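Read through the structure below, which is laid out as structure tokens, and then see the notes.
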Amino acid sequence: MAERKWLDALAKGDPRALGHIYEAYSERIFRYCFRMLGNRTDAEDATAETFLRVLRRSAELRADGAFRTWLFRIARNLCIDRMRQHKLLELPPDAQYSGSEERSTLRVTVQQALNSLPREYYDPLVLCDLEEMSAKEAADILDISVPALKSRLYRGRKALRDKLGSILEKTS
Amino acid sequence: MNEELIESLVDLYGGRDLSPESEEILESYAFTDAQLSHNLSTLRKTVDLLKSDSGPELTEESYQRILMKIYARGADIEPSFSAPVHLQYQLPIQG
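Chains as they are written, first to last, in the working numbering: chain A, 76 to 247; chain B, 35 to 129.
Right under this line is the structure:
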């Protein structure tokens, strides 16, 4: 309900509206862009561009449950464009994780295994398992059917498991 | 159970999408099937590992830098949280 109010206000040019939407979604969009692009600077640029697109297209905004899906789709398309431009395929050195050294090493290993998966597996895993979106939302963002999304998600989990191999035996 | 059905159940088990009763039945079935048992545990560990990853943090500095990039492109944005003092531009001290 509050989101509807802010989206209506944004369409009317209220500067506080974009600020509110930024506060509500910047963390998730940034995290998603960082996962897609692998480094902070590119993730910051893509996040800023995502919110600029929201502003530019505020007249088309639909204040319903589809807003979040639409927002992530914009972020995803921007990240893909950026990846094509820079060919950002390697895990960058500035990936930051908090926690113990052992835990951080494990996370980097998982991230590397994840990055090595084909994109058709990578995207559903990021959206459903890391960003905890529903299958319907993820399918809408990726513009595929829910059964196709689930099929890729299940195959992706198995592919990731195969890549992690013996590491899984060591985790509790 | 046929292989295709087991495969589907393993997928659902990995993502914790089975009811507790169904999980129990599958686990009891896996008790006598080492391969199935291994599939169940490794797939669940994979999904749990992913779900436990809180991901990269949006630091205060990044939050403000993104805002600056938005301002720099001429957007009218007014967040309710102001920048912390240590991130605000400091005027040089005179004298």
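All C-beta atoms in this analysis are idealised placements derived from N, C-alpha and C, irrespective of residue type, glycine included.
No experiment lies behind these values; they were computed from the predicted model shown.
Practice problem: Indicate the three-state DSSP secondary structure (helix, strand or coil) for residue 109 of chain B in the structure shown. | Solution: coil
Practice problem: Report yes or no: do the segment 85-92 of chain A and the segment 106-116 of chain A share at least 3 C-beta pairs separated by less than 8 Å? | Solution: no
Quiz item: Do residue 235 of chain A and residue 189 of chain A have their C-beta atoms within less than 8 Å of each other?
Solution: yes
Exercise. Please list the partners that residue 97 of chain B has in chain A, where partner means a Cβ-to-Cβ separation under 7 Å.
Key: 101
Self-check item: Within chain B, the residues that residue 122 of chain A reaches when beta carbons sit closer than 7 Å
Solution: 100
Exercise. Leaving aside the five residues before and after residue 108 of chain B along the sequence, list all residues of the same chain whose C-beta is less than 6 Å from its C-beta, in chain order.
Key: none
Quiz item: Quick one: does residue 110 of chain A have its CB under 8 Å from some CB of chain B?
Solution: yes
Exercise. Quick one: give me the first and last residue of the alpha helix (DSSP H) that residue 201 of chain A is part of.
Key: That residue, residue 201 of chain A, is in no alpha helix (DSSP H); it is neither H nor E in DSSP.
Quiz item: Between the beta-carbon of residue 47 of chain B and the beta-carbon of residue 84 of chain B, is there less than 8 Å?
Solution: no
Quiz item: Of all the residues that make up the segment 80-102 of chain A, which are near chain B by a beta-carbon distance shorter than 8 Å?
Solution: 88, 90, 91, 93, 94, 95, 97, 98, 101 and 102
Quiz item: Would residue 245 of chain A be called buried (16 or more neighbouring beta carbons within 10 Å of its own) or exposed?
Solution: exposed
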